[in-house]
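This report concerns only the one structure given below.
2 protein chains.
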Amino acid sequence: MIQTPKSQYEQIADLLRDRIAGGVYPPGSALPSEPELSAELGVSRVTVNRAIGLLRAMGMVRVRRGAGTFVRTLPTILRDARRRYAQRDRGTGAGAVEIADLDLRSHTDYTEIGRTPATAAVARALALAVGDEVLVRRRILFAEDEPTQIADSYYPWYLAEDSPLRQADTGVGGSYARLAEMGCDVVRFTEDVHGRMPTDRERTALRLEAGQPVFDIAHVAWTADSRPVEAAFHVLPCHLWTLRYEWDDPR
Amino acid sequence: MIQTPKSQYEQIADLLRDRIAGGVYPPGSALPSEPELSAELGVSRVTVNRAIGLLRAMGMVRVRRGAGTFVRTLPTILRDARRRYAQRDRGTGAGAVEIADLDLRSHTDYTEIGRTPATAAVARALALAVGDEVLVRRRILFAEDEPTQIADSYYPWYLAEDSPLRQADTGVGGSYARLAEMGCDVVRFTEDVHGRMPTDRERTALRLEAGQPVFDIAHVAWTADSRPVEAAFHVLPCHLWTLRYEWDDPR
DNA sequence: CAGTGGTCTAGACCACCAC
DNA sequence: TGGTGGTCTAGACCACTGC
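Chains as they are written, first to last, in this note's numbering: chain A, 836 to 1086; chain B, 836 to 1086.
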């Protein structure tokens, strides 16, 4: 690699990144204002703004309009797929396991629990026809009042109709314990992971900075006879999470 | 959701996205130039440029400086973790499995194969001390001459020293077959997945557009007695890949 | 109300590509 | 050589925050 004659805004982003790493701007503190940085570095404010845009996309700073630009603090959260679903009976739902592990306060906002026709993605995941009735459970999970995840779960309506799955609190063992009581023991999981830019709704709900990508996880739970009984779609800000998977070699 | 008074550049990005989806700008074709769009839409060129920046981050267009902005074509590639490593003996290395599945031409550029001291990340993954000798195999994988992945594999030096792992072509069955011949049967895998912005080197090597995120996968292969015998770090452009994982519930 | 960041413009200069 | 996108500036107006 010979040379990378970087643009000014990239160099400024590097500089600010180094200052943050070096503790000049400690976690939680505000960066100097854009006019200040503009004066200090001898560039226009637009250029400073653009540099800060890179830091935002990296998840290093959060901007509060009218107030300033602040260095981020939240630690990364480990989502260990195998462990997550194996620990169902810890009382907390699967969704809260990771947050509890970090000794953070967690809570869940249910935004919708009800009957709805299956979309194409849901129908495909649950081996139903588009438009078939399903139970949907939409929720947003928080750690220390910061949104960390959107999770929408779907169940075939004929399964969920008269079950506790229609309540926010599904009881000890969570939804998989209820499915088991209905004769649907879950023995296998699959997940398809995408990385992409969030939709406007997702960006708002997760309070994301401009340019920050999300993980989009399509999760399916299977019974021993290979029937899909739950489909869940999770949207997670990339900068907050590490996904861990583990599997045995089938040979 | 009441209102989202979008900025002009966001609206223009939406407009262009719709036109691409609607076939007005078909795959592979060039968008109108920025001055043209600027005139058509009655905004400054900077605003058009910023809108196109959003499309670039989403992976919808590729810009060739001096030539124009082009609609992307490459399909998404499925990386089925379980299958990927189970199909070792298909002759092709694990890295080429997914590309071959899509009937695309694939090739691999080895950029380095040699001895090196373990970095912190490598040492942690292989349960070695920082600075211990390891064999590194660095490569970039291509589909149709487009870079699709960076993969750096590491092996403890005492294992790899006199093995075919030091050659580019590791022979039938690939590296895991060679490890098995050395008494290191791999029976289990773990992967930690991050989503982040690429480094400058990665952006160059993968020919990424500005603002495009990558998957960063730390892959470890384990023997039956829980010894890590291979660590591999993969960097994949998010917009090109879907990661698939599958596991049995350990209860 | 003063200060913050968000956005937009017109104009400019540059590196790069294709002809 | 003309057209493309990349970058930068000075100035402006706005919405929002916190006092």
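By construction, the Cβ of each residue, glycine as well, lies at the ideal position given by its N, Cα and C atoms.
Just so we're clear, the structure is a prediction, and the values are computed from it rather than from any experiment.
| query | result |
| --- | --- |
| Let's see if you can read the secondary structure: which residues bound the alpha helix (DSSP H) around glutamine 1047 of chain A? | No alpha helix (DSSP H) contains glutamine 1047 of chain A, which DSSP labels as neither H nor E. |
| Run through the segment 1002-1047 of chain B for me and flag every whole beta strand (DSSP E) of 3 or more residues, listed as ranges in chain order. | 1021-1031 |
| Hey, could you find the ends of the alpha helix (DSSP H) alanine 958 of chain A is sitting in? | 955-961 |
| What would DSSP say about arginine 778 of chain A, mapped onto helix, strand or coil? | Because chain A here runs from 836 to 1086, residue 778 of chain A falls outside it and cannot be looked at. |
| Does the beta carbon of tyrosine 989 of chain B come closer than 8 angstroms to any beta carbon on chain A? | no |
| For the segment 1051-1073 of chain B, which residues have a beta carbon sitting closer than 7 angstroms to at least one beta carbon of chain A? | Cys1073 |
| Whose Cβ in chain B lies nearer than 9 angstroms to the Cβ of leucine 1078 of chain A? | Glu1026, Asp1027, Val1028, His1029, Gly1030, Leu1078 and Tyr1080 |
| Just to confirm, are alanine 1041 of chain B and leucine 1000 of chain B a CB contact at a threshold of 8 angstroms? | Just to set this straight, residue 1041 of chain B is leucine in the shown sequence, not alanine. Going by C-beta atoms, leucine 1041 of chain B is not nearer than 8 angstroms to leucine 1000 of chain B. |
| Between leucine 850 of chain B and leucine 890 of chain B, which are expected to be in contact by the criterion C-beta below 8 angstroms, what is the C-beta distance as a whole number of angstroms? | That belief does not hold up - the Cβ atoms of leucine 850 of chain B and leucine 890 of chain B are roughly 11 angstroms apart, past 8 angstroms. |
| Under 8 angstroms Cβ to Cβ from methionine 836 of chain A, same chain only, skipping five residues before and after it: list those, please. | In this prediction, methionine 836 of chain A has a pLDDT of 42, which is less than 50 and means its spatial position is unreliable; what the coordinates show is noted afterwards. Excluding sequence neighbours, methionine 836 of chain A sits near nothing in its chain. |
| Look at the Cβ atom of alanine 916 of chain A, then the Cβ atom of tryptophan 1082 of chain B, and state whether they are nearer than 8 angstroms. | yes |
| Within its chain, find whatever has a CB closer than 6 angstroms to the CB of tyrosine 1080 of chain A; leave out the 5 residues flanking it on each side and keep chain order. | Ala916 |
| Hey, is valine 853 of chain A's beta-carbon within less than 8 angstroms of any beta-carbon in chain B? | Correcting the residue type first, residue 853 of chain A is aspartate in the shown sequence and not valine. So no, aspartate 853 of chain A is outside the interface. |
| Anything in the segment 881-907 of chain A with a Cβ closer than 7 angstroms to a Cβ of chain B? List those residues in chain order, please. | Ala892 and Met893 |
| Leaving out five residues before and five after alanine 986 of chain B in sequence, what residues of the same chain have Cβ atoms less than 7 angstroms from its Cβ? | Gly930, Arg974, Leu976, Ala1067 and His1069 |
| Is any beta-carbon of chain B found at less than 8 angstroms from that of isoleucine 837 of chain A? | Unreliable placement is indicated for isoleucine 837 of chain A, whose pLDDT of 47 sits below 50; the coordinate value is still reported in the next sentence. It does not: the Cβ of isoleucine 837 of chain A has no partner Cβ on chain B nearer than 8 angstroms. |
| Classify threonine 882 of chain A: buried if its beta carbon has 16 or more other beta carbons within 10 angstroms, exposed otherwise. | buried |
| Using DSSP's beta-bridge definition, name the partner residues of threonine 782 of chain B. | Look at the range of chain B in this structure, 836 to 1086, and you will see that residue 782 of chain B is not part of it. |
| Let me know the secondary structure DSSP gives aspartate 1084 of chain B once reduced to three states. | coil |
| Mind checking if glycine 1018 of chain B is an interface residue toward chain A, Cβ cutoff 8 angstroms exclusive? | no |
| Taking the alpha-carbon positions, what's the aspartate 938 of chain B to glycine 1006 of chain B distance? | 22 angstroms |
| Compute the Euclidean distance between the alpha carbons of alanine 1059 of chain B and aspartate 1020 of chain B, then round it to the nearest angstrom. | 7 angstroms |
| Let me know the secondary structure DSSP gives proline 870 of chain A once reduced to three states. | helix |
| Please confirm whether alanine 1003 of chain B has its beta-carbon closer than 8 angstroms to some beta-carbon of chain A. | no |
| Is there a Cβ of chain B sitting closer than 8 angstroms to that of aspartate 936 of chain A, yes or no? | no |
| With threonine 804 of chain B and tryptophan 1076 of chain B assumed to form a contact (beta carbons below 8 angstroms), what rounded beta-carbon distance in angstroms separates them? | The structure shown does not extend to residue 804 of chain B, since chain B is modelled only from 836 to 1086, so the question has no answer here. |
| In whole angstroms, what separates the C-alpha of threonine 983 of chain A from that of alanine 874 of chain B? | 42 angstroms |
| Alanine 1067 of chain A lies in the beta strand (DSSP E); which residues open and close that run? | 1063-1072 |
| Under 8 angstroms by Cβ, that's how I've got proline 862 of chain A and threonine 908 of chain A pegged, so tell me the actual separation to the nearest angstrom. | 4 angstroms |
| For glycine 1046 of chain B, go through chain A and note every residue whose CB falls closer than 7 angstroms to its CB, in chain order. | Ala892 and Gly1046 |
| Quick one: list the residues of chain B neighbouring tyrosine 920 of chain A, beta-carbon separation under 7 angstroms, in chain order. | Asp1084 |
| In chain order, what residues of the segment 969-984 of chain B put their CB closer than 7 angstroms to some CB of chain A? | none |
| Which full runs of the alpha helix (DSSP H) of 4+ residues lie inside the segment 871-900 of chain B, going along the chain? | 880-893 |
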